[in-house]
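Since the structure comes first, as structure tokens, the remarks are kept for the end.
This is the structure we're talking about:
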């Protein structure tokens, strides 16, 4: 991939090749967050239910992959690796279908808020609706498709579920889950960021796959994934795991940690690095309507080739 860099009036022009640059990607994040925060609430809820269902299908696949008795006993690391490689399909399915995940919303609508494109209450409303929609979707697949569908009735499968949920919910302390949740959504939102940087289906899928693989194999806590895993453990009678314990240690710390991981470590960071106090950014030659109107009022727009990106190298003077 070649690059042509040319300095002219504090501007660097860089040929994109087959991916959007970081400054373009975070602009795309803001535009997508603006669109999602402006959706009709009923559509947000249905989209969030769909996302919860897809997370649960991927979670069920990881349980099946873990149910290999000989490998589980002799090569537990390999079993964990295989199941972790499978789990990123959840984010790929959600991303490609346009469904709404609470964890991703913390970055998307958060950046849109920082850009001044959506008010704070729309951002929080989107988070609120996504959370409950994700929960409904996860519980539906867990109870109806897997539970009453009898997919996990084998004693070996039940043992795998109970062992996993006990280690996930009972063993760690509250603050452990909170801190792990920060790291989890940092990686999940990075995956969404890298996915949005891709220009084709395979590039987007690969960009999303590996950060999610990292969070899965590290055992970090994702509040929406836990909406499937922990209730699944309760359904199958995991010792010491109750609804009250799940709310206190499975939802609250993971929810708070995920919001910080996605909103601060990804959304706020990339906004500060590439958008704060900088000139408006175009995507494939198209400016956000409000930015375009502001630029037209101030004079000429930057001129560049259609497959180049414009990066301002000097911040605007206040």
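Numbering (this note's numbering), first residue to last: 26 to 343. Quick reminder that beta carbons are idealized off the backbone N, C-alpha and C, glycines included. Just so you know, these numbers come straight off a predicted model, no measurement behind them.
One alpha carbon belongs to residue 58, the other to residue 75, and they sit about 18 Å apart. Of the residues assessed, residue 271 falls on the buried side of the cut-off, its CB having 16 or more other CB atoms within 10 angstroms. Residue 256 and residue 221 have their C-alpha atoms spaced approximately 32 Å apart. The three-state secondary structure of residue 286, taken from DSSP, is helix.
Judged by pairs of C-beta atoms under 8 Å, the segment 121-139 touches the segment 284-300, as three or more such pairs exist.
Contact between the segment 296-303 and the segment 45-53 is present, with at least three C-beta pairs closer than 8 Å. The beta carbons of residue 286 and residue 232 sit about 18 Å from each other, so the pair does not count as a contact at 8 Å. Taking the CA atoms as reference points, residue 314 sits about 17 Å from residue 136. Of all alpha-carbon atoms in 56, 274, 55 and 112, the one lying nearest the alpha-carbon of residue 239 is that of 112. Between residue 206 and residue 264, the CB-CB gap reaches or exceeds 9 Å. In the DSSP annotation of this structure, residue 126 is not part of any alpha helix (DSSP H), being labelled neither H nor E.
Taken through DSSP and simplified to helix, strand or coil, residue 223 comes out as strand. In this structure residue 108 is in contact with residue 91, their Cβ atoms being roughly 5 Å apart against a cut-off of 8 Å. Under the 10 Å beta carbon count, residue 68 is surrounded by fewer than 16 other beta carbons and is classified as exposed. Residue 188: member of the alpha helix (DSSP H) spanning 180-194, first to last residue. In terms of Cβ geometry, residue 128 and residue 214 form a close pair [threshold 9 Å]. For residue 142, there is no enclosing alpha helix (DSSP H), as DSSP marks it with neither H nor E.
Going by DSSP, residue 294 is part of the alpha helix (DSSP H) stretching over 294-299. Between residue 283 and residue 248, the gap from beta carbon to beta carbon is short of 9 Å. For residue 203 and residue 266, the gap between their C-alpha atoms comes out near 18 Å. Shown here for residue 322: not one same chain residue has a beta carbon closer than 6 Å to its own, the five before and five after excluded. Distances from the alpha-carbon of residue 288 to those of 183, 218, 268 and 223 put 218 closest. Between residue 162 and residue 77, the CB-CB gap stays under 9 Å.
The closest CA to that of residue 173, considering only 281, 44, 260 and 43, is found on 260. Residue pairing by DSSP puts residue 44 in a beta bridge opposite 223.
For residue 291, no alpha helix (DSSP H) run applies, since DSSP gives it neither H nor E. Within the same chain, and ignoring the five residues on either side of residue 228 in sequence, the residues whose Cβ sits closer than 7 Å to its Cβ are 43 and 44.
Here residue 258 is near residue 187, since their CB atoms are less than 9 Å apart.
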